[in-house]
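Quick note, my numbering runs 7 ahead of the 1-based positions in the sequence shown. For every residue, glycine included, the Cβ atom is placed at its ideal position computed from N, Cα and C. Working notes, structure below.
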Amino acid sequence: MDPYSLSVEREASKNIEENERECFKDAIVSSRSLNKGFVEPTKLTNAYPEIIACVLTATFHISVGLAMSFSAILVPDLEEKNSEIPATKSETSWIASIIVISAPIGSLLGGILMEYVGRLRTLQIGTIPAVAGWIMIALSTNVPMILVGRVLGGIATAMATSPAIVYITEVARPELRGSLMSFGPTLASFGMVLTYLKGTYLPWRTVAWISIIYSIIPIFLIQFFVHESPVWLVSKGRIDEAKKSLERLYKSEMQAGKVSAAEQQFVTIMKEHEIKLSEQRRSKNSTLGTKMRAFLKPTGWKPMTILFFFFLFQQFSGIYITLFYAVTWIHESGAKIDSYWGSVFVGLTRFFCSMVNTWLLRRYKRRVLCIISAIGMSICMGISGYFTLRIQQNYFDNPSANIVPVIGLLMFVVMSMVGFLTIPWTMTAELFPTEIRGIAQSMSYAMANILMFAAVQSYRNLTEYLGGPYAIQWFFAATSIVGAVFVWLLLPETHGKKLSEIEEYFHNNFLAVGADAKAKRRQARRRAQRKEQTPLNQNTNGKKSEPV
8 MDPYSLSVER EASKNIEENE RECFKDAIVS SRSLNKGFVE PTKLTNAYPE
58 IIACVLTATF HISVGLAMSF SAILVPDLEE KNSEIPATKS ETSWIASIIV
108 ISAPIGSLLG GILMEYVGRL RTLQIGTIPA VAGWIMIALS TNVPMILVGR
158 VLGGIATAMA TSPAIVYITE VARPELRGSL MSFGPTLASF GMVLTYLKGT
208 YLPWRTVAWI SIIYSIIPIF LIQFFVHESP VWLVSKGRID EAKKSLERLY
258 KSEMQAGKVS AAEQQFVTIM KEHEIKLSEQ RRSKNSTLGT KMRAFLKPTG
308 WKPMTILFFF FLFQQFSGIY ITLFYAVTWI HESGAKIDSY WGSVFVGLTR
358 FFCSMVNTWL LRRYKRRVLC IISAIGMSIC MGISGYFTLR IQQNYFDNPS
408 ANIVPVIGLL MFVVMSMVGF LTIPWTMTAE LFPTEIRGIA QSMSYAMANI
458 LMFAAVQSYR NLTEYLGGPY AIQWFFAATS IVGAVFVWLL LPETHGKKLS
508 EIEEYFHNNF LAVGADAKAK RRQARRRAQR KEQTPLNQNT NGKKSEPV
């Protein structure tokens, strides 16, 4: 999974957990955040220990960005006639896509390790497959060795993403959590820029060797400057260590003669831990068969169907294909610009847009963002395809027209970051009811990665089948516009909605068109029914009194 998207999904999951715990009056609303107990505005000078801890933990995302984008500089070299490791287009398709299909393995392994050895230790363990993968690629003498290295890189990608995000959500206070979580995807985008930039000047083997550094340095930063999550320590009964970790995180807020911030948060964590234990005891009564039958309900099959098509349109609109094949895509478009420098601009565009996206998601409605995003993507890729065709036909005498495909690609990246890239991932945490949310999120995550693998794997065959680079760009444009129609017809609005409202929506609707009008009519009928059913007292004169 794209690291930015995973971050957004995790943040949405945390928001959902907070909403579900509003009924607990004696506990803080989040199951993972330590900091709901603060009632005064946070001063950055007081929060610097946790900010430093979260940022250093997020540095593992740089290696994630390196691994995700490495195929962009590797594939063009392997497909050259005089390449030291010649590879067919079919083989390079596997090299680009196999990292995606191996990521769920790392996610499953990371999830298990996080519970047993802790968040930080899992991050450090995740560097083992990362380093091994880069060494395998750097020393490779054939395609199978590169494939093995890419598989290891995919496993490390998930193991370096999930624990860091979980740690940040457990340590960062609410008013800082969103900003601190954005460091992860921003650093991943920075890693992509580094890959494209180094690929412009250095051989891919050298890039692979240098990439090892970005995996190893964070190990030492965390070992000496970051302390384990107090939430995890409490869950393992390591109370004294949890207290020490809290004291280090909130050492700037120690106040003589008052209850310290660390002590407040310790009480909060203990209460949350008790809530979790009680929920676990209740959940034991829920069998796997019961959960599976829940998928046959409207609240199960409707959101799963919507997510399948949402991810289908997302993946085949070219969002991730242009990431994995950035250099190849620019070269085949015929743009008169160095392909490697063009990929650097793509990476920089994505890097800067990732800083803005969190603000958009918090401010604007999901459906509006997705429709604008998809239509904008379609226009950009349609124009790019037209100019690509004309460049191949030697239609333009003006050299400036030859860079339009790259401009179109850059604008395509900008428009994808408005919503179509990120929002599908957030929906996996919002659309399902509580009883199946955990297993439904896992199924949605696996489904999305399978579709991503299919899209990246089929890129070369689709290009050849459709008739060339301009045709695949028009295919992306058509898919994007169909995706916009799909959003308008079927995607429910979840921004600002309670979980109960989303669940009720699927009980009564499948089409999003006209859903608001139907909801208003239902509310009017309910008000009328309540008014009719209001008990009335008869007074002695036979006149009706006011409702009781």
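Excluding residues up to 5 positions away in sequence, 385, 388, 389 and 392 lie with their Cβ nearer than 7 Å to the Cβ of residue 484 in the same chain.
Put simply, the backbone Cα of residue 370 is about 10 Å away from that of residue 376. Annotation: residue 245 is outside any alpha helix (DSSP H) and is labelled neither H nor E by DSSP.
Exclusion of the five residues before and after residue 399 leaves 341 as the residues of its chain whose Cβ lies within less than 6 Å of its Cβ. Boundaries of the alpha helix (DSSP H) around residue 212: 211-232.
Here residue 157 is buried: its Cβ has 16 or more other Cβ atoms, across all protein chains shown, within 10 Å. Taking 9 Å as the cut-off, the beta carbon of residue 201 is found no closer than this to the beta carbon of residue 112. DSSP places residue 392 inside the alpha helix (DSSP H), whose first and last residues are 373-399. The criterion of a C-beta distance shorter than 9 Å is satisfied by residue 203 and residue 76.
Contact between residue 166 and residue 133 holds, since their C-beta atoms are separated by about 3 Å, short of 8 Å.
Between the region 92-106 and the region 473-487, the count of Cβ pairs shorter than 8 Å is below three; the stretches do not touch. By the criterion of a C-beta distance shorter than 7 Å, residue 338 is surrounded in its chain by 83 and 346, once the five residues flanking it on both sides are discounted.
In summary, residue 131 is buried, with 16 or more beta-carbon neighbours lying within 10 Å of its beta-carbon over all protein chains present. When C-beta atoms of the region 493-512 are compared with those of the region 304-318, three or more pairs fall below 8 Å, so the two segments count as touching. Residue burial is scored here from C-beta neighbours: residue 55 has fewer than 16 other C-beta atoms within 10 angstroms and is therefore classed as exposed. The beta carbons of residue 61 and residue 190 sit closer together than 9 Å.
In terms of Cα proximity to residue 217, the closest of 230, 198 and 229 is 198. Around the CB of residue 220, fewer than 16 other CB atoms lie within 10 Å, so the residue is classed as exposed. The DSSP-derived three-state label of residue 180 is coil. Collapsing the DSSP output to three states places residue 125 in coil. Per DSSP, the continuous alpha helix (DSSP H) segment holding residue 309 begins and ends at 305-322.
According to the DSSP assignment, residue 418 belongs to the alpha helix (DSSP H) that extends over 411-422. Inter-residue distance for residue 72 and residue 94 is about 24 Å (C-alpha atoms, whole angstroms). Taking 9 Å as the cut-off, the beta carbon of residue 141 is found closer than this to the beta carbon of residue 222.
Setting aside the 5 residues that flank it on each side, residue 519 is surrounded in the same chain by 497, 498 and 499, each with a C-beta closer than 6 Å to its C-beta; the list follows chain order.
Exposed is the label assigned to residue 213, since fewer than 16 other Cβ atoms lie within 10 Å of its Cβ.
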